Structure formats: C-alpha cells, structure tokens
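Reviewing the structure listed below.
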Amino acid sequence: MDKKKASAFKVYARLLKLVKPHYHLIALASFGMILYAATDTAFAALMKPMIDGSFVARDPFLIAAVPALIMLTFLIRGLGGFMSGYIMAWVGSKLVLRLRAQMFAKLLDLPTRVYDNSTSGELVSKLTFNAERVSDSATNALTILIRDILTVIGLMSWMLYLSPQLTIILLVITPFLAIMVVYLAKKYRILSHLIQNSMGKMTHIIEEAIEGHRVVKIFGGSYQEQEKYANINTETRKNNLKLVLVRSISVPVVQFFIATVLAVIVYMATNEGMMRTVTAGTFMSFIIAMLGMFAPLRRLTTINAELQKGIAASDSIFELLDSPVETDQGKISISKARGKITIKNLKFSYAPDLPSVLDDINLEIEAGQTVALVGKSGSGKSTITSILCRLYQTYEGEVLMDDIKIDEVQLAEYRKNISFVGQNVTLFNDTIKNNIAYGKLLSESSDKKIKEAAVAAYADEFIEKLPKKYDTCIGENGILLSGGQRQRLAIARAYLKNAPLLILDEATSSLDSESEKKVQQGLLNLFANRTTLVIAHRLSTIENADKIIVLDQGKIIERGTHQELLAKNLTYANLYKLQFN
Numbered sequence: 030m031d032k033k034k035a036s037a038f039k040v041y042a043r044l045l046k047l048v049k050p051h052y053h054l055i056a057l058a059s060f061g062m063i064l065y066a067a068t069d070t071a072f073a074a075l076m077k078p079m080i081d082g083s084f085v086a087r088d089p090f091l092i093a094a095v096p097a098l099i100m101l102t103f104l105i106r107g108l109g110g111f112m113s114g115y116i117m118a119w120v121g122s123k124l125v126l127r128l129r130a131q132m133f134a135k136l137l138d139l140p141t142r143v144y145d146n147s148t149s150g151e152l153v154s155k156l157t158f159n160a161e162r163v164s165d166s167a168t169n170a171l172t173i174l175i176r177d178i179l180t181v182i183g184l185m186s187w188m189l190y191l192s193p194q195l196t197i198i199l200l201v202i203t204p205f206l207a208i209m210v211v212y213l214a215k216k217y218r219i220l221s222h223l224i225q226n227s228m229g230k231m232t233h234i235i236e237e238a239i240e241g242h243r244v245v246k247i248f249g250g251s252y253q254e255q256e257k258y259a260n261i262n263t264e265t266r267k268n269n270l271k272l273v274l275v276r277s278i279s280v281p282v283v284q285f286f287i288a289t290v291l292a293v294i295v296y297m298a299t300n301e302g303m304m305r306t307v308t309a310g311t312f313m314s315f316i317i318a319m320l321g322m323f324a325p326l327r328r329l330t331t332i333n334a335e336l337q338k339g340i341a342a343s344d345s346i347f348e349l350l351d352s353p354v355e356t357d358q359g360k361i362s363i364s365k366a367r368g369k370i371t372i373k374n375l376k377f378s379y380a381p382d383l384p385s386v387l388d389d390i391n392l393e394i395e396a397g398q399t400v401a402l403v404g405k406s407g408s409g410k411s412t413i414t415s416i417l418c419r420l421y422q423t424y425e426g427e428v429l430m431d432d433i434k435i436d437e438v439q440l441a442e443y444r445k446n447i448s449f450v451g452q453n454v455t456l457f458n459d460t461i462k463n464n465i466a467y468g469k470l471l472s473e474s475s476d477k478k479i480k481e482a483a484v485a486a487y488a489d490e491f492i493e494k495l496p497k498k499y500d501t502c503i504g505e506n507g508i509l510l511s512g513g514q515r516q517r518l519a520i521a522r523a524y525l526k527n528a529p530l531l532i533l534d535e536a537t538s539s540l541d542s543e544s545e546k547k548v549q550q551g552l553l554n555l556f557a558n559r560t561t562l563v564i565a566h567r568l569s570t571i572e573n574a575d576k577i578i579v580l581d582q583g584k585i586i587e588r589g590t591h592q593e594l595l596a597k598n599l600t601y602a603n604l605y606k607l608q609f610n
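Quick note, our numbering runs 29 ahead of the 1-based positions in the sequence shown.
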C-alpha cells in the first residue's frame, strides 16, 4: 500500500470519472456558473452608461433602462447561483454515496493481512470523515472555484477593454500572488494529511474505549485512556491551529496586495494625461470591476485550503480502493466436498521479516474424522485454521482438500465448504433469525430449517422464552445474551450451513460448566457426518477425537489418540495432568 501519492490533477480526473454518469447535470450547473459569473461583469459594465449617460448626459432612455437592467442582472445571478449550487451539491452527495459503497465493498474484500496492519479507527475514518472531505472538494469548493475563476476572467476582460494601461498595472502583481498560492497549497496539503491521520487514531482510541468499557472500568483504566485520547487530541488541535494560521495569514496578505494595486490605479487614473482619455463612467466602471474581484480572489485563496483537504482525503480513499483484494486464482468448482484435508511441508510467516510461526507441518485428516490441535498459546494452532479458511494465502508447501490444492478452487466455492465457531463469537446487531441464517443462508433457508438448527444447537430453549422469539434483536455483538447463548447461536449458524469441514477454535474455553454442557450437546450434533478440526483448551472436550496433534513453536511434536498420547507420557500427558490434578 506504499504507493506514490497521486497528483492533484490525477485525483480530480479520477473524481470527474466517478461523476461522469451525471454529465448532463454538471453541464447544467456549469451553465448556471457562467450566468452567475457573467452578472458581475454585467453590473460593472452598467456603471459606465449609468454615470456617463444617466447622470452626466441625462439621457432619458438610459435613465429608465439602466435600473431595469440592474434588476434583470440580479435575477439572472440568483437563478445561476441556485442552479450551480443545488445541482453540484446533489452530484456531490451521489459521489459520496458511490465512494462509500465502493470503499465498504473493498473493505469486505481486503486480505486479512491488511486488517492485521491497520486499526479499525483508520479504516472507519476513511469511510466517513474522508468521504465528506471529498464532497467538499469535488462539489462545494469546486463550485466556488469555477464560478470565481469565470468571474475574475470576465471582470479582467472588461477592465482590459476599458483601459489596457490600468489593467497592466493590475497584472504585474499576479505572478507574485500565484507564487504565494502555490506555496500555501503545499502547506495545506501536508497539514491536511496530518489532521486525517490524527482523526483516524482518535477514532481508534474511542472505539477501543467503547468496546472495552468493561475492562476499562474494572481495571481502572479511565485515566490511561483519557491520557491517550488527550495526547492525540492535542496533536490534532496543534495541526488544526497550524492550518488556521496559514489560512489567517493568507487572507490579509492577499488583501494587502489588492489594496496596493487599487492605490496605484487610483493614483495613475487621476494623472493629468490619463484623465483626458478616461471618463468618469469609465473610471467608476473600472473601479467597480476591480473591487468586484476582491471577493472572488479572497475566496479562491481560502477555498484552496478545502481543495487541498479534499485532495489529501481523495489520496487516502483511492489508496484504499486501489488496494489488492484477496487472491482468487482458482478455476475449480466444488459444490460439496467430502472433507479430506492434506497438509504437506507447510511453512508460514506473517511477514517476510518475521520468523516462521509454522515450520514443516505435515498432516492428513480423512473425511469425517475429528482432529484436535493442542498446544501452548502461540504454537500455531489458530494459524493453521486461518490458512485452511484461506485468510492467508501466501505460504510454502501445499494444502489440499479432497486431494485438490485449495488455491486452485474458486474462493467463494471453497468457503462454502467450511463452517467456523470461535471462542469470540461474532454476532450482529440484528434479529436472532438473521444471525443464525447469516449471509447467503438467509435467502436459502426456510424458517423451519432455521428452527431445526437452533434446536440442534440447544438454542431453541432460550429463544422461545424471549418476547419476540426469533425476531428478537440481540444488540451489538449479542450483548443482550449470555456467553453460552451466543455460542449456541454460533453453533446453530454452523449447523444450518451444513458444511463438510467444521473448525472450532476454543469454542467452549470461556464458558462455565453449565453453559459448556449445553454447548457440548449442541456440538455433538454438529460433529456428525463432517470433518472437524478442534482447537482445544480444555482437554476433556477432545478425549474422543480420532487424532490429537500437539504443537509447539510452530512444529508438530506429538500425534496420536488420547490414550496413545497419555501412554507416551510426554507433552500432552503433562498438559493433561496439569488440568486434572
């Protein structure tokens, strides 16, 4: 993901490509901007006949026509402003909608390694905060930018028509102004990146504190969390103040440049030689045009800050959208596997510069067998299951299902053949029914099948006691349920999927004895007629496994049945004695 940042031009070209379906609306908005910009020049132009014709020559036609033309000018101005402002805001909202949809879809397809190296706060910030920044850049700021540039061009053209000599004086200062704007743009962009990074870190700290509020309260971590938040909050404040400082300096400096030009022009226009060729109306029209440039030029200097924020946010968003998704080069389709698993000479590391967490793993599991993985924390048990789920697809050696390399099978088809129940159950803020029949299961499963799965998992007994039964919302991650109830819903979900390979990652280790008994009853129903790979903490739950694999520091050090390993009186036997003595 360490890609070179796109230039501002490329970023905007890509944003424009996203809004291309709305080109007819953008054309209409652009027409509104042209109308809006033209009215400034028209108003300045009306000053010449109003003064020279109405006040000096007392022309009756101009006395009647000029006020009507002024009213018409501002009517057109209002229409143009509405057209450009509302339409571009509508297009901007569609742009944000599309970007957020694309980013969310991308997040769901990113490899697990990306989540390992990113915080949830950073990813959430890209989806929310950065998307809004892009809206400001691509619509609101862009609307002002285009309108004001057209206004400046129109007024400058009119001034050049009135008096080339006076206009040249104004143009002398333009290169200095351009140099300053370019310099400020770089400052804005750097500071905007820093602010976005700080916001991502801040979001992460908030999410951690909310999700872990029980631990924070019980272990007295409030001060520690407040200190972390205060540090990043202070960093964000400092960066924001730097941004405000740059903006605050830029406005008066630009205004001083313009005021200097005005003073010089007034002096030159009152020169005796100049006064012979410049009428009162011409001079007033020129001054009105020049004063009319103050506001758009000022907005152009301040809007630069928003534009640079938008560019920085767009860089971040496109970096995410350009990230490679999970590798899927499989061509083979397996509708229903038998469940045989073969692992040959498997070696794996989470990063090239990190030591191997799995080393020369060789394992064969026949279809329908129950195999347990045992070992200390960090021995590689969960890594094996993650590779079997194809969450990590870069490794040495071979992993096969039914004698076919798993990376040769279509990823979606392969995962249809796997069910998973973990220690930390993932449930969604939805109904019990939608949590059991999650994903494609919801459209493929009848209410009868969902209930059968719940009965098999011994979850139906507590579900039926709830006021809304299967339509009960269970809160964020099932917070309204007990640990045992959450586990039974996870078992029901796996039962409903009916996949030939079942992976259990310490599914009962955190439960009390009563809850574990009910969960174990549900698991016995789940084990039937499928290959089961169990990561076990409580060895009593795997005594009947067909094979037990003992891991230590990423290597298999023992294998056999429960009785065979006890007879060897080595690592497994020692672990067993520690638990039961």
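For each residue, glycine too, the CB sits at the ideal point set by N, CA and C. Fair warning: this is a prediction, and the values are worked out from it, not measured in the lab.
| Query | Result |
| --- | --- |
| Cβ-based burial, residue 577 [other Cβ within 10 Å; buried from 16] | buried |
| Contact the segment 519-526 vs the segment 462-482: 3+ CB pairs below 8 Å | yes |
| Option nearest residue 416 by Cα separation, candidates 140, 348 and 198 | 140 |
| Cβ neighbour criterion (16 or more within 10 Å) applied to residue 565 | buried |
| Spatially closest choice to residue 342 from 162, 603 and 441, by CA coordinates | 162 |
| Beta-carbon separation (whole angstroms), residue 103 vs residue 68, contact threshold 8 Å | 7 Å |
| Three CB pairs or more closer than 8 Å across the segment 316-326 and the segment 62-76 | yes |
| Distance CB(residue 169)-CB(residue 117) smaller than 9 Å | yes |
| The alpha helix (DSSP H) enclosing residue 59, as first and last residue numbers | 52-78 |
| Inter-stretch contact (C-beta, 8 Å, three-pair minimum) for the segment 369-377 and the segment 385-403 | yes |
| Proximity winner among 434, 574, 294 and 455, relative to residue 193 (alpha-carbon distances) | 294 |
| Contiguous alpha helix (DSSP H) assignments of at least 4 residues, all confined to the segment 446-525 | 461-465, 470-473, 476-485 and 489-492 |
| Buried versus exposed, by CB contacts within 10 Å (16 or more), residue 253 | exposed |
| Which of helix, strand or coil DSSP assigns to residue 570 | helix |
| Candidates 409, 393, 352 and 357, of which the one nearest residue 135 by Cα | 352 |
| Alpha-carbon spacing of residue 560 relative to residue 357, whole angstroms | 24 Å |
| Beta-carbon contacts of residue 143 that lie in its chain and below 6 Å, excluding the five residues immediately before and after | none |
| Burial state of residue 593 (16 or more Cβ within 10 Å) | exposed |
| Cα-Cα separation between residue 219 and residue 268, rounded to whole angstroms | 10 Å |
| Burial state of residue 612, where buried means 16 or more other Cβ atoms lie within 10 Å | Nothing in the structure corresponds to residue 612, since the chain is present only between 30 and 610. |
| Backbone CA spacing between residue 130 and residue 272 [nearest angstrom] | 30 Å |
| C-beta contact flag for residue 435 and residue 503 at 9 Å | no |
| Terminal residues of the beta strand (DSSP E) in which residue 372 lies | 370-377 |
| Length of the line joining the Cα atoms of residue 431 and residue 153 | 39 Å |
| Nearest-angstrom Cα separation, counted from residue 534 out to residue 697 | Outside the shown range of the chain, which is 30 to 610, sits residue 697, and nothing can be said about it. |
| Cross-strand partners of residue 336 (DSSP beta bridge) | Answer by DSSP bridge pairing: none, since residue 336 is not bridged. |
| Inter-residue CB distance, residue 48 and residue 75 (contact presumed, cutoff 8 Å) | Contact doesn't hold; Cβ gap of about 36 Å is too wide. |
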